[in-house]
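Engineer: Residue numbers (the numbering used here): 309 to 1282.
For each residue, glycine too, the CB sits at the ideal point set by N, CA and C.
The structure under discussion is supplied below as structure tokens; questions concerning it will follow.
As structure tokens, then:
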């Protein structure tokens, strides 16, 4: 077998060599004899590849560990076959038989032969997390750049490695004591090298981006050594590190070096080593730190030439400002958070003594000549501020000072201007501190106690907000944030009205007016929709924004339509294309060209919301409807679909435009939104033909509903802005209660007038289309109006706790012809049962007649014991009035109520005898009066009409009785 494996060396030595590798021993004579070494080396290098047929390289190397002169043979093998270096290193590090000194000797020998093995050795140790002393030792033998790159990456990105090193350094038994000084010496040598590099930044030898990155890595490693690895630094070491910080100051502050500046500041303020000693001693660490920070502040306040070169100075200025604020107020947790965010190392802590010591530095030496409040708003707002910016921005400082009311304490009243400018420079995704700043600004606008009126911040002017929100060049995000601020401010002002505007002790002190007019001019619904559909706003400001809108403008939250109304594919058009599309639509519409209009409407449905709004503003489709009375229903439904899409974004604007377009005549003047709010009845000045188009009626009712709800908030806000205090508190209270009562009466009266007009619209007229289609259209319009009335009744009942509106409507009355349609179509009409007795008690015959007719229809739809009792009462009233009325009143009253009595008998058959008796008495009275007044032609004629009504009532009762009898017989048979 030996001849087959070793064809070159067929001697006993070869067989012994092979046997030694198979069973290695330190007493192996073949390897122990130095005279055999040349032959063994030759064999090892020559037949190594052949040996791999039986033994792997790892097995060969492991066997050599146990043989005499193993280091010599391993090094010789690596010299001859360098590719075996990784295997040799692995076999040595993973060997369980070698002690530390032998392993160290082997690895250093390999490192001498192949210097690149240094990195291999330390990476292998870190990979397997064994032999920490070897890893650190060989790591320190690497050049400075590789040393920092390796160590920084291992500590920063591999938390398991850091945890392992921490355990090794904490338990000094596990690590060679000589390694720690070597490790620290390596790091300090890098510190000294960087100090010399940063100290003299010549034009030709300016530090590069890589040089600054090495500085960042060095500071990070130093923080890990001091915080986690518990490496002790002598005062001399701290002085050298401080010298490094001082040398950093000699460099420009730009995008390459800004992180180094910030990390140096954070490390300097974190560890007490750099703020120890007496400030009066020239070279003490505290004195050096104070001078260094002072020079940094001076650098940040440099001239324009400096700012042109040092692009990141404002950012550094803000960073120092943040530290100054936290140290002055000794906010230890906030300081630690800034340090951790800057160095990106969570375990860092700052001692309370250090915090207190640096507080004195910042208050007595650094910011002694200027207030932090002035400095905070002197920093320019951050451009394109987003949540992606993890570093400190000026907004942090302004927020902190605003919460503590520090601006007001120092007499600075223009912080709202700075916040406005910052809001206008925000971008998506929204920075999380922006909503907090808005909330803090509102809190600073509103006094909490009577003493706070003199220390209020001025608000962002409402006119400026309106102007900005209507400016097309401003981003919709900024518009939304400004609208959110104004609406939130209005809510707080509304809730604190009594304290701010109606308190004698604070009268006239509140300078901020309620922004009612500004809120009506803003497209709040569009901004609300944007907040809802933007991820970074949906969870931050949208819920609060929705709440504020529901309080100051609840009318905007009743028009939401399902998202299925939105187009599946949105087309984008330019301004010229939209204008051309508008002209094409108007031309086809005026020519009643429905064939081409179908394609145009399909094109319009694919428009985005903003393009659709632009088209609607140019084309005004409702003002240019075809004059054809028989407009195709598909065309009206497509128009309605577009209209409702716009209603989700610009409801108030659309109400006004719609009512103006539907009422467009030569004599009709254009009303404003305020006109419609003050008198919603103006909305009914529309072209008559519109009231017989179901689709247009639906859109019209949406406008009326919006105006009615807007009127409610309008008068509530008017009381806030217009009510003035009277001579005394008691008189003011009385006057306020009276004003609120008048407001309630105005709202009720307006609603009643609107409902009465709508009820009249329900009734057929002589001009109506009497065809089947015309009747179906009228029925659809009646259903829409009935739904509107039902919704209005329910809303009023919820508001007042009782049917005030319904009661007032019926006491004022309406056409009895509409009672049947209302009882059929308005489910809430059943509440009329509660006040019918009051109607019956009135002496006004028309009101009593109306009540009996209403009761007959209610009984038919609600055959309950209560309506039975009321029906009996109505019949008794008929008996009572037989003998107490004049001829004309008797005739007019019973002519109106006899059909109602017949209808009651259809529901309650036990009342048949009573009603028949009433009819018989009435017939006798009629016959007697005809005989007595036979010369009075008019009276005889009227009584003749009454006789006909009595006969019709008899016939109706009989037919109803037969029908009930038939129903009873069928029930018995079943």
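Helix, strand or coil for residue 693, going by three-state DSSP, please let me know.
Structural biologist: strand
Engineer: Smallest Cα separation from residue 1153: which of 1142, 1194, 1179 and 1140?
Structural biologist: 1194
Engineer: Would you give the residue range spanned by the alpha helix (DSSP H) that residue 888 belongs to?
Structural biologist: 883–898
Engineer: Roughly how many angstroms lie between the CA atoms of residue 563 and residue 547, to the nearest whole one?
Structural biologist: 27 Å
Engineer: Around the Cβ of residue 1011, are there at least 16 other Cβ atoms within 10 angstroms (buried) or fewer (exposed)?
Structural biologist: With 16 or more neighbouring CB atoms inside 10 Å of its own CB, residue 1011 falls in the buried class.
Engineer: Report the rounded CA-to-CA distance for residue 1145 versus residue 1218, giving the unit in angstroms.
Structural biologist: Linking residue 1145 to residue 1218 through their CA atoms gives a straight-line distance of about 21 Å.
Engineer: What are the complete alpha helix (DSSP H) segments, minimum 4 residues, inside the segment 902–957?
Structural biologist: 902–913, 917–927 and 941–955
Engineer: Evaluate residue 591 with the Cβ neighbour count: other Cβ atoms within 10 Å of its Cβ, from every protein chain shown; 16 or more gives buried, anything less gives exposed.
Structural biologist: exposed
Engineer: What did DSSP end up calling residue 879 once you bin it into helix, strand or coil?
Structural biologist: strand
Engineer: Can you find the residues in the same chain that come closer than 7 Å, C-beta to C-beta, to residue 1265, ignoring five residues on each side of it along the sequence?
Structural biologist: 1210, 1213, 1220, 1223 and 1224
Engineer: Suppose you measure from the CA of residue 1147 to the CA of residue 1155; what does that come to, to the nearest Å?
Structural biologist: When rounded, the distance between both Cα atoms is 6 Å.
Engineer: DSSP state of residue 1114, grouped into three classes?
Structural biologist: In the displayed model, residue 1114 falls within a helix according to three-state DSSP.
Engineer: Beta carbon of residue 1109, beta carbon of residue 1158: below 8 Å?
Structural biologist: In this structure, residue 1158 does not lie closer than 8 Å to residue 1109 by Cβ.
Engineer: Taking DSSP's pairing of strands, which residues face residue 734 in a bridge?
Structural biologist: 693
Engineer: Note the first and the last residue of the continuous alpha helix (DSSP H) segment covering residue 656.
Structural biologist: No alpha helix (DSSP H) holds residue 656; DSSP gives it neither H nor E.
Engineer: Distance, Cα to Cα, residue 623 vs residue 648?
Structural biologist: 18 Å
Engineer: Would you mind giving the Cβ-Cβ distance between residue 969 and residue 1013, rounded to the nearest angstrom? I have them listed as a contact below 8 Å.
Structural biologist: Their Cβ separation, rounded to whole angstroms, is 18 Å, which puts residue 969 and residue 1013 out of contact at 8 Å.
Engineer: Give every residue of the same chain whose Cβ lies closer than 7 Å to the Cβ of residue 765, excluding the five residues on either side of it in the sequence, and list them in chain order.
Structural biologist: 715, 716, 721, 723, 724, 749, 752 and 753
Engineer: Taking Cβ to Cβ, would you say residue 950 is nearer than 8 Å to residue 920?
Structural biologist: yes
Engineer: For residue 550 versus residue 495, is the C-beta distance shorter than 8 Å?
Structural biologist: no
Engineer: Kindly indicate which residue of 821, 733 and 802 has the alpha-carbon position closest to the one of residue 769.
Structural biologist: 821
Engineer: Measure the C-alpha to C-alpha separation of residue 778 and residue 830 and round it to an integer number of angstroms.
Structural biologist: The alpha-carbon atoms of residue 778 and residue 830 are separated by roughly 8 Å.
Engineer: Residue range of the alpha helix (DSSP H) that residue 569 falls in?
Structural biologist: 566–578
Engineer: Below 8 Å on the Cβ atoms is my contact criterion, and I expect residue 1162 with residue 1118 to pass it. Report the Cβ-Cβ distance as a whole number of Å.
Structural biologist: Rounded to the nearest angstrom, the Cβ distance from residue 1162 to residue 1118 is 7 Å, consistent with a contact under 8 Å.
Engineer: Using CA coordinates, which residue listed in 1258, 501, 1252 and 1239 is at the minimum distance from residue 1228?
Structural biologist: 1258
Engineer: Buried or exposed: where does residue 1045 fall if 16 or more other Cβ atoms within 10 Å of its Cβ makes it buried?
Structural biologist: exposed
Engineer: Using CA atoms only, rank isn't needed, just tell me which of 933, 913 and 1002 is closest to residue 898.
Structural biologist: 933
Engineer: Exposed or buried, what is residue 1150 when buried is set at 16 or more other beta-carbons lying within 10 Å of its beta-carbon?
Structural biologist: Residue burial is scored here from C-beta neighbours: residue 1150 has fewer than 16 other C-beta atoms within 10 angstroms and is therefore classed as exposed.
Engineer: Classify residue 257: buried if its beta carbon has 16 or more other beta carbons within 10 angstroms, exposed otherwise.
Structural biologist: This structure gives no information on residue 257, because the portion of the chain shown stretches from 309 to 1282.
Engineer: Helix, strand or coil for residue 669, going by three-state DSSP, please let me know.
Structural biologist: helix
Engineer: Between residue 597 and residue 708, what straight-line distance do the alpha-carbon atoms span, to the nearest angstrom?
Structural biologist: Those two C-alpha atoms are separated by around 25 Å.
Engineer: I'd like the list of long-range same chain contacts for residue 1255, defined as Cβ closer than 6 Å, with 5 residues on each side in sequence excluded.
Structural biologist: 1234
Engineer: Using the Cα positions of residue 801 and residue 638, report the straight-line distance between them to the nearest angstrom.
Structural biologist: 34 Å
Engineer: Suppose you measure from the CA of residue 790 to the CA of residue 739; what does that come to, to the nearest Å?
Structural biologist: Cα to Cα, the separation comes out at about 15 Å.
Engineer: Give me the residue from 1242, 1226 and 1243 with the minimum Cα distance to residue 1262.
Structural biologist: Nearest of 1242, 1226 and 1243 to residue 1262, Cα basis: 1226.
Engineer: How would you call residue 915, buried or exposed, if buried means at least 16 neighbouring beta carbons within 10 angstroms?
Structural biologist: Residue 915 comes out buried.
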